[in-house]
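Q: Just so we're aligned: the sequence shown equals residues 1081 to 1621 in the numbering used here. Just so it is clear, CB atoms sit at the ideal spot from N, CA and C, and this is done for glycine as well. This structure is in structure tokens; I'll ask about it shortly.
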Amino acid sequence: MSNLPQGWAKTKLGNIVEILSGFAFKSSEYSDYGHFLIRIGNVQDGHVILDNPRFVKITTATEKFVLNEGDILTSLTGNIGRVAKIAERHLPAALNQRVAKIIPANALGSNSCLFTYLKSAAFRDTLSEQGKGAAQQNVSPKFIAEIDIPLPPLPEQRRIVAKVDDLTARTARARKELDRLPTLIARYKSAVLALAFSGKLTQDWRIGLDRDALGKADYPNGWTVKELEEISEIQGGIQVGKKRLASAELVEVPYLRVANVQRGWLNLDEIKTLGVTAAERDRLLLEDGDILMNEGGDRDKLGRGWVWRAQIPECIHQNHVFRIRLYDNDFPSEYVSHYANENGQRYFIDQGTQTTNLASISKRKVAALPVPVPPTDEAMEIVRRIESAFRWLDRVAADHAAASRLLPKLDAAILAKAFQGKLVPQDPNDEPASKLLERIKAERTAAPTVKRGRKSRDSASSKDSKTMAKNLEQVLTEAGDWISAQDAFQQCGIGGAATTEEIEKIYGELRKLDKAGKLEAEPVNDDKGRKLHDRLRLKVA
């Protein structure tokens, strides 16, 4: 922090804010209504969640812990350093223990730049370092107040907030689009399989063989529909826990369970073993090319499976997994397994039976699964095309995962550059931050005994007689780019103690600018699409 840009200042956080710890509300004081109690679990990274609500009634003793829209909160224990801002939908709300409210000095005019800094890795890392080694991480308001922070000039703070809002809105849009990809990939795979088992995927491959047969029947010429038992031997597995004679000689072998047999792949991370007789082992040994298919589990998982490729020597299967061994060794097992996983899924759901906690399908029903069987060479071509398409889709999925991992790093890099003075240009005409610190110090010296909280009616009335320091158009002109509506209003003199007349006046200005076609307004959302606030700017002529 030694190489700060010109006009910036290094200062203790406590020099520009007050930090108020929450009140230790007792669970016996919880109510069915009242103020929503903001507890540590409600404070997440960048936003407040309303899960597991608790309510309290506010008394004179707890009145100062009532929260207002825009208040900044931070967690003091556990996952320390999470920061969030109170929105209108969270109110009425009150502050519980282990959560602190960070109250900026009036001279800052807005808490938006402060909130942006508190979300940065620099602030979070400082807190995490303090909490290292403890079973439960914990920081005090006093420690937070002693943290060194970089303070830009006030006009540059506004430029930083506008730029950060713009860039993070873009990453939020990118995240939203990326989140759609897994669903699109799954749909594309289903479409590929639908084409495969209707014969359309290999239609061009077949043209040279029989042009006239195309389109004459539900399936192409040379295809037949057979029940699974007509093309394969179906074998149930070993019952785990089966009782045997004490004299029986057992051999220990690995076996596959339902958890190992997934839809389109095998999970071999955890393989259990079982003692069986030599005859049982020989009868149930899996061979390369065997198709595995689940007999029991959740209803939507019946019949799921994949092809065994001899990954583990001398492996068998339990009774909740069927083994399907094709009679034609040249016919690709992957064709049948792909068909059962996709087109056969509805058949298994319909034909399965359900007990209280478990669904199952009988060997007889599995054997009756109708399978469209193309000529062997075409089946091999279908599998080749399916796997080629799936490999491409898997690469897309891998790229999606990599991009999704990069977005939080991008957001962190934006914040890091912002508070190194590298995100927006400095203006030598900006009043230096040292002057801002002097005003904050003077403000505190002038009113050392005034406690923050609800302003009295007298103070609000005294403000009635004042005119706003600037009108909205002046503020937006000086900003030159996007600025949060809250910041703009505060620069116009609209704060927590604004009168109805002042609020109506600022909204009148908004309507006037909008009607004149001079105003642009849009929401700023978090990475989950939830609205944080609105931002404004004048339209470029």
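Report all residues from its chain with a CB closer than 6 Å to the CB of K1598; omit the five preceding and five following residues, and keep chain order.
A: Excluding residues within five positions, the ones whose Cβ falls inside 6 Å are L1618 and K1619.
Q: What are the start and end residues of each continuous alpha helix (DSSP H) run of 4 or more residues lying completely inside the segment 1186-1246, in chain order?
A: Taking only runs of at least 4 residues, the alpha helix (DSSP H) segments lying wholly in the segment 1186-1246 are 1192-1198, 1201-1211 and 1221-1225.
Q: Do you know offhand how far Y1268's Cα is from P1262's?
A: Distance between the alpha carbons of Y1268 and P1262: 10 Å.
Q: Whole angstroms is fine: what's the gap from W1472's alpha carbon to V1463's?
A: Spanning the two alpha carbons is a distance of roughly 14 Å.
Q: Can you round the beta-carbon distance between H1115 and A1164 to whole angstroms, since I take them to be within the 8 Å contact cut?
A: That belief does not hold up - the Cβ atoms of H1115 and A1164 are roughly 17 Å apart, past 8 Å.
Q: Using 10 angstroms around the beta-carbon of E1602, count the other beta-carbons present and answer buried if the total reaches 16, otherwise exposed.
A: Per the 10 Å Cβ criterion, exposed.
Q: Is the separation between the beta-carbon of S1200 and that of D1567 shorter than 8 Å?
A: No.
Q: In the DSSP assignment, find the beta strand (DSSP E) that holds I1371 and state where it starts and stops.
A: Here the beta strand (DSSP E) through I1371 covers I1371 to N1374.
Q: Under a three-way DSSP split, which group does D1380 fall into?
A: In the structure shown, D1380 sits in a helix (DSSP, three-state: H, G or I).
Q: For the segment 1317-1326 and the segment 1379-1388, state whether three or more C-beta atom pairs, one from each stretch, are separated by less than 8 Å.
A: Touching, no.
Q: Count the other CB atoms, across all protein chains shown, that sit within 10 Å of the CB of D1370; report buried if there are 16 or more and exposed otherwise.
A: Answer is buried; the Cβ neighbour count reaches 16.
Q: Can you say whether V1451 is buried or exposed, counting buried as having 16 or more other CB atoms within 10 angstroms of its CB?
A: Label assigned to V1451: buried.
Q: Would you kindly work out how many angstroms separate the C-alpha atoms of E1518 and G1560, rounded to a whole number?
A: Going from the Cα of E1518 to the Cα of G1560 covers about 27 Å.
Q: Distance, Cα to Cα, R1178 vs R1119?
A: Going from the Cα of R1178 to the Cα of R1119 covers about 7 Å.
Q: Helix, strand or coil, according to DSSP, for N1551 in the structure here?
A: If DSSP states are grouped into helix, strand and coil, N1551 belongs with coil.
Q: Can you tell me which of the three DSSP states V1320 falls into?
A: Coil at V1320, not helix or strand.
Q: By Cβ distance below 6 Å, which residues in the same chain neighbour L1593 in space, the five residues on each side in sequence not counted?
A: Cβ neighbours of L1593 beyond the five flanking positions: L1599.
Q: Is it buried or exposed, T1196, if we count other Cβ atoms within 10 angstroms and call 16 or more buried?
A: Classification for T1196: buried.
Q: Using a Cβ distance threshold of 8 Å, determine whether the segment 1405-1412 contacts the segment 1355-1363, with at least three qualifying pairs required.
A: Taking 8 Å as the limit for Cβ pairs, the verdict is that the segment 1355-1363 does not touch the segment 1405-1412.
Q: Ordered along the chain, which non-local residues of its own chain (more than five positions away) have a Cβ less than 6 Å from that of F1103?
A: Contacts found: T1142 and F1145.
Q: For D1491, write down the residues that DSSP places opposite it in a beta bridge.
A: BP columns for D1491 are empty, so no partner.
Q: Whole angstroms is fine: what's the gap from S1111's alpha carbon to L1175's?
A: Taking the straight line joining both Cα atoms gives about 15 Å.
Q: Residues in its own chain within less than 6 Å of W1345 by CB, not counting five upstream and five downstream?
A: So the list reads W1386, once near-sequence residues are dropped.
Q: Nearest to Q1342 by CA position, among V1401, E1329, G1317 and P1334, is which residue?
A: Q1342 has its Cα closest to that of V1401, out of V1401, E1329, G1317 and P1334.
Q: Per the DSSP calculation, A1601 is bridged to which residue(s)?
A: For A1601, which the question treats as bridged, DSSP gives the partners L1616.
Q: Mind checking A1180: buried by the 16 CB within 10 Å criterion, or exposed?
A: Looking at its Cβ environment, which holds 16 or more other Cβ atoms inside 10 Å, A1180 is buried.
Q: Helix, strand or coil, according to DSSP, for Q1398 in the structure here?
A: Note: Q1398 maps to strand in three-state DSSP.
Q: If I'm right that Q1315 touches R1403 with Cβ under 8 Å, what's the distance once you round it to whole angstroms?
A: Right, their Cβ atoms sit about 4 Å apart.
Q: From P1488 to E1309, what distance separates their C-alpha atoms?
A: Going by the C-alpha atoms only, they are around 52 Å apart.
Q: Considering only residues of the segment 1100-1144, which uninterrupted beta strand (DSSP E) runs meet the minimum length of 3 residues and lie entirely inside it, listed in chain order?
A: Runs of the beta strand (DSSP E) inside the segment 1100-1144: 1115-1118.
Q: With 16 other CB atoms within 10 Å as the buried threshold, where does T1154 fall?
A: Per the 10 Å Cβ criterion, buried.
Q: Which term fits K1546, buried or exposed, when burial requires 16 or more other beta carbons within 10 angstroms of its beta carbon?
A: In this predicted model, K1546 has a pLDDT of only 40, less than 50, meaning its place in the structure is not dependable; the value taken from the coordinates is given anyway. The residue in question, K1546, is exposed, as its Cβ has fewer than 16 Cβ neighbours within 10 Å.
Q: What are the start and end residues of each continuous beta strand (DSSP E) run of 3 or more residues lying completely inside the segment 1418-1469, in chain order?
A: Here the runs fully enclosed are 1450-1453.
Q: How many whole angstroms separate the CB atoms of P1230 and W1088, which I take to be in contact at a CB cut-off of 8 Å?
A: Yes, P1230 and W1088 are in contact; Cβ-Cβ is about 6 Å, under 8 Å.
Q: What is the DSSP secondary structure of A1089, counted as helix, strand or coil?
A: Here A1089 sits in strand by DSSP.
Q: Should E1461 and S1270 be called a contact, given that it needs their Cβ atoms to be closer than 8 Å?
A: No, Cβ-Cβ distance for E1461 and S1270 is not below 8 Å.
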